[in-house]
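Colleague:
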Amino acid sequence: MVDTTKADTIRAALREPFTAGRSPVEKAGILRELATARAERVSWSMAQLIDWNDYVATFVIGGPAVVGVGVNVHRQRIEVDVADENGPDVVEARLGSRRIPCGLVVIKITGPVRLL
């Protein structure tokens, strides 16, 4: 959560959708989990990560170097997958002047896409 002061409000909002139609035993377990769930501070909300992902993708998709772009929710970053060792230079050149926050984008050499 970007704002952990709202943790109790979020827990309350999740009770009904997570427990609807459950047996009493399942419902009790879910409520226990919600009551003890930790709210961790993050830098970016999911909406912000999606917006940054869409922004980054508009500049890097379309060339042969980039094979994928996506959000890594756990690590709070945008990952750009490239086909080979030349890919990072291509991506850096395309994003260099875009004023993207430091550390938000990570470039990974994953190899070419193989269709099955």
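Be aware that the sequence shown starts at 272, since it is given in the numbering used here, and climbs by one per residue. Glycine is no exception: its CB is placed at the ideal position from the N, C-alpha and C atoms.
Just grab the DSSP bridge partners of Asp352 for me.
Modeller: Along the sequence shown, read from residue 1 onward, the residue named residue 352 stands at position 81. Per DSSP, Gly339, Lys379.
Colleague: When the Cα atoms are used, what is the spatial distance from Tyr326 to Gln347?
Modeller: In the sequence shown, counting from the first residue as 1, residue 326 sits at position 55. In the sequence shown, counting from the first residue as 1, residue 347 sits at position 76. Tyr326 and Gln347: Cα-Cα distance of roughly 16 Å.
Colleague: Quick check: what's the CA-CA separation for Asp279 versus Lys298?
Modeller: For the purposes of this step, residue 279 is identified with residue 8 of the sequence shown, where counting begins at 1. For the purposes of this step, residue 298 is identified with residue 27 of the sequence shown, where counting begins at 1. Taking the straight line from one Cα to the other gives about 18 Å.
Colleague: Look at the alpha carbon of Thr307 and the alpha carbon of Ser314, and state the distance between them as a whole number of angstroms.
Modeller: Start at 1 with the first residue of the sequence shown, and residue 307 comes out as number 36. Start at 1 with the first residue of the sequence shown, and residue 314 comes out as number 43. Rounded to whole angstroms, Thr307 and Ser314 show a C-alpha spacing of 22 Å.
Colleague: Is Leu386 buried or exposed, if buried means 16 or more other CB atoms sit within 10 Å of its CB?
Modeller: The count along the sequence shown starts at 1 and reaches residue 386 at position 115. Classification of Leu386: exposed, given that the 10 Å Cβ count is below 16.
Colleague: Report the three-state DSSP secondary structure of Ile371 (helix, strand or coil).
Modeller: Here the question's residue 371 lines up with position 100 in the sequence shown. Coil, per DSSP.
Colleague: Quick one: grab the DSSP three-state call for Gly358.
Modeller: As a first step, residue 358 is located in the sequence shown; it is residue number 87 there, counting from the start. The answer is helix: DSSP assigns Gly358 an H, G or I state.
Colleague: Excluding sequence positions up to five away, which residues of its chain have a Cβ less than 8 Å from the Cβ of Asn357?
Modeller: What you label residue 357 is simply residue 86 of the sequence shown in a count that begins at 1. Cβ-Cβ distances below 8 Å link Asn357 to Ala336 in the same chain, with the five nearest sequence neighbours on each side left out; the list follows chain order.
Colleague: Would you mind reading off the limits of the alpha helix (DSSP H) that contains Val384?
Modeller: Here residue 384 is taken as the residue at index 113 of the sequence shown, counted from 1. Element bounds for Val384: n/a, residue is neither H nor E.
Colleague: Using a threshold of 8 Å, state whether the C-beta atoms of Val340 and Leu320 are closer than that.
Modeller: Residue 340 sits at position 69 when you count from the first residue of the sequence shown. Residue 320 sits at position 49 when you count from the first residue of the sequence shown. In this structure, Val340 lies away from Leu320, with their beta-carbon atoms at least 8 Å apart.
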